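First up is the structure itself, then whatever we jot down about it.
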Amino acid sequence: MTAIEDSVALVTGGQRGIGKALVEHLLARGARKVYATAREPRPSDDPRIEPVFLDVTHNHSVTDLAEQAPDVDLVINNAGVLHPAPLLTGDLAKVFATFDTNVYGPLRVAQAFAPVLARNGGGALVNIHSFLSWAAGSGAYGASKAALWSLTNTLRIELAGQHTQVVGVHLGFADTDMVAAIPTEKIAPADVARAVLDGVANGESEVLVDEVTRMFKAALAGPVENLTLPSLRR
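Position in the sequence shown (first residue = 1) + 5 = the numbering used here.
Below, the structure is given as structure tokens:
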């Protein structure tokens with residue numbers, strides 16, 4: 006388990022939506038400092054928040070940040086994109102962009118910050134997935150989250166030797182700008198942040214935030230047809 010109190014955290018995509026809620030809840034639980042990244046970082050009135058630039062699709066941006074933040078002991082990979090890109094008919098450029106941000110972005114961050122975490126005692130690496138890691142029918146986005154899930158499970162093994170806790174977080178649709186146009190029941194970002202930090206503090210390897218996520222996780226043991234989004238079933 007990783008203590009939240011007195012920790013120094015990094016939250017990618019930390020100025021909007023779930024990322025913003027994570028920053029707020031980290032501070033409420035006693036984090037000493039939080040690096041909140043964005044492509045266009047905005048200043049903060051809270052001296053415990055350090056807004057920093059990060060573009061997870063560029064290697065130098067990630068490695069520069071790792072040099073700038075040598076005190077981090079908790080990394081939360083939250084930044085992501087949702088492009089409307091069906092696999093067969095979608096623009097391949099959007100498919101590639103989705104994977105570059107949602108898969109290779111977290112991997113770049115993990116590679117750059119693994120040595121930082123090791124020097125600071127191990128700490129924790131958290132990757133934000135989705136129930137769409139398991140539910141078919143969401144094109145490139147779901148495929149990228151499935152890839153991130155696999156990546157997280159392998160990172161857990163590779164980082165075990167340096168005592169880094171690796172946490173995979175799965176959730177349904179959260180009430181953020183990214184999915185504002187999707188007419189469905191949504192989870193409050195604060196509830197997501199609370200579940201994530203409870204999981205970190207309790208030493209968990211996987212956090213299933215809501216009931217739809219738990220339903221799809223259970224369905225993995227059954228026929229693959231059960232892993233289709235309900236709206237697409239015939």
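Note that the Cβ used here is the ideal one computed from N, Cα and C, for glycine as well.
Bear in mind that the values here come from a model prediction, so they are computed numbers and not experimental data.
- Within the segment 30-59, the runs of beta strand (DSSP E) at least 3 residues long that lie entirely inside it are, in chain order, 38-43 and 54-58.
- Within the model, the alpha-carbon separation for Val217 versus Gly177 is close to 6 Å.
- Between Val114 and Val174, the gap from beta carbon to beta carbon reaches 8 Å or more.
- If you draw a 10 Å sphere on the C-beta of Thr169, you find 16 or more other C-beta atoms in it, and that means buried.
- A straight-line Cα-Cα distance of about 12 Å links Arg199 and Leu32.
- Residue pairing from DSSP places Gly173 in a beta bridge opposite Asn132 and Glu211.
- Cβ neighbours of Gly144 within its own chain (closer than 7 Å, five residues either side excluded): Ala90, Pro91, Leu92 and Gly95.
- For Asn64, the secondary structure class from DSSP, reduced to helix, strand or coil, is helix.
- Listed in chain order, the alpha helix (DSSP H) elements of length 4 or more contained wholly in the segment 63-96 are 64-73.
- Looking from the CA of Ala43, the closest CA among Leu160, Leu164, Ile133 and Asp60 belongs to Asp60.
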